[in-house]
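Q: If you scroll down you'll find the structure; I have some questions about it.
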Amino acid sequence: MAHVIISENLPPNIDPTKAPIAFGERALPKLNEELQNANLLTRQRALMALCDLVHDPEIAYQAISLGFLETLKGLLSDENRTVRQKTTEVFYLLANHNVGRDGFLSSDVIIPLSQLLDDPVNLCRVNMHKAFEMLSEFPYGSATGVSARSPEYEPASYSASAQIKAWA
Numbered sequence: 013m014a015h016v017i018i019s020e021n022l023p024p025n026i027d028p029t030k031a032p033i034a035f036g037e038r039a040l041p042k043l044n045e046e047l048q049n050a051n052l053l054t055r056q057r058a059l060m061a062l063c064d065l066v067h068d069p070e071i072a073y074q075a076i077s078l079g080f081l082e083t084l085k086g087l088l089s090d091e092n093r094t095v096r097q098k099t100t101e102v103f104y105l106l107a108n109h110n111v112g113r114d115g116f117l118s119s120d121v122i123i124p125l126s127q128l129l130d131d132p133v134n135l136c137r138v139n140m141h142k143a144f145e146m147l148s149e150f151p152y153g154s155a156t157g158v159s160a161r162s163p164e165y166e167p168a169s170y171s172a173s174a175q176i177k178a179w180a
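Heads up, the sequence shown stops at 180 in my numbering, and the numbers go up one at a time, no gaps.
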C-alpha cells in the first residue's frame, strides 16, 4: 500500500520573494494597497512584483494613473534599505518610459528622490542617478532637473563611489 508524503518545501515554481498578483484590473490596486501595508515583508514582496511589472509601458501608465508615484515617494524615506533600494529601482524603470518621465515632473518626484544622495546604500544612489539620467534625456526633464536643483545636490557635498561618479 502506498503512503502519502507531504513535503514541507515550497513547490519549485513559486518564488517566496514576490507577492501573489491579482488578475486583470485588480492587480495594480492590490499592489498599491500592499505597498502601504505596515508589514515589512508585504511591502518588500509588492515592490519585487512591481519591479517585474513596470517594464511594460501599459502597466507603467496604469500604475502612474492609479497614484503609485505618491505611494513610492513615501517609501523613499522607509527605514528598511531593501524597500528604499527597490523603490529607487521602480523609479528608474518608470523613468525608462515617456509616461514615467511625465509622471515624475507632474508629481514632483525629483526633490524627494534627490534626498537619497547621502543614502548609505550604494544601490539606492546608483538607481537614483540612473533615473535622473533617463529624466534628463528629454529637454523639459533636463530643464526641470536644473531648476529643481537643491544645495544638497551639489556634487562637491558628497562622496560617491567610482560607479556612481560614472553615472553622474
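Virtual Cβ for every residue (Gly too), placed ideally from N, Cα, C.
Look up D78 in the DSSP assignment and say whether it is helix, strand or coil.
A: One point to set straight first is that residue 78 is Leu, not Asp, in the sequence displayed. Three-state result, L78: coil.
Q: For F144, which three-state DSSP category applies?
A: Of the three classes helix, strand and coil, the one that applies to F144 here is helix, per DSSP.
Q: Are L47 and Q97 closer than 7 angstroms when you measure CB to CB?
A: The answer is no: Cβ separation not under 7 angstroms.
Q: How about I71 and L62: are their beta carbons less than 7 angstroms apart?
A: For I71 and L62, no; Cβs fall outside 7 angstroms.
Q: Identify which residue in L59, R93, S118 has its Cα closest to the Cα of R137.
A: For R137, the nearest C-alpha among the options comes from R93.
Q: If you draw a straight line from the alpha carbon of L147 to that of F103, how long is it in whole angstroms?
A: Approximately 10 angstroms between the Cα atoms of the pair.
Q: Between E82 and S119, which are expected to be in contact by the criterion C-beta below 8 angstroms, what is the C-beta distance as a whole number of angstroms?
A: The Cβ separation is near 7 angstroms, so the contact holds.
Q: Going by Cα to Cα distance, which pick from K142, Q127, L52 is closest to V95?
A: Taking only the C-alpha atoms, the option nearest V95 is L52.
Q: What is the DSSP secondary structure of S162, reduced to helix, strand or coil?
A: Note on S162: pLDDT 46, under 50, position unreliable in the model; no value is reported.
Q: So, helix, strand or coil for L88, using DSSP?
A: Here L88 sits in coil by DSSP.
Q: Rounded to whole angstroms, what is the Cα-Cα separation between G79 and P151?
A: Cα to Cα, the separation comes out at about 25 angstroms.
Q: Count the other CB atoms within 10 Å of the CB of G36; is the residue buried (16 or more) or exposed (fewer)?
A: Classification for G36: exposed.
Q: Where does E70 sit, in a helix, a strand or coil, going by DSSP?
A: Three-state result, E70: helix.
Q: Considering only C-alpha positions, which residue in the set Q56, H15, A107, M140 is nearest to E149?
A: Out of Q56, H15, A107, M140, A107 has the C-alpha closest to the C-alpha of E149.
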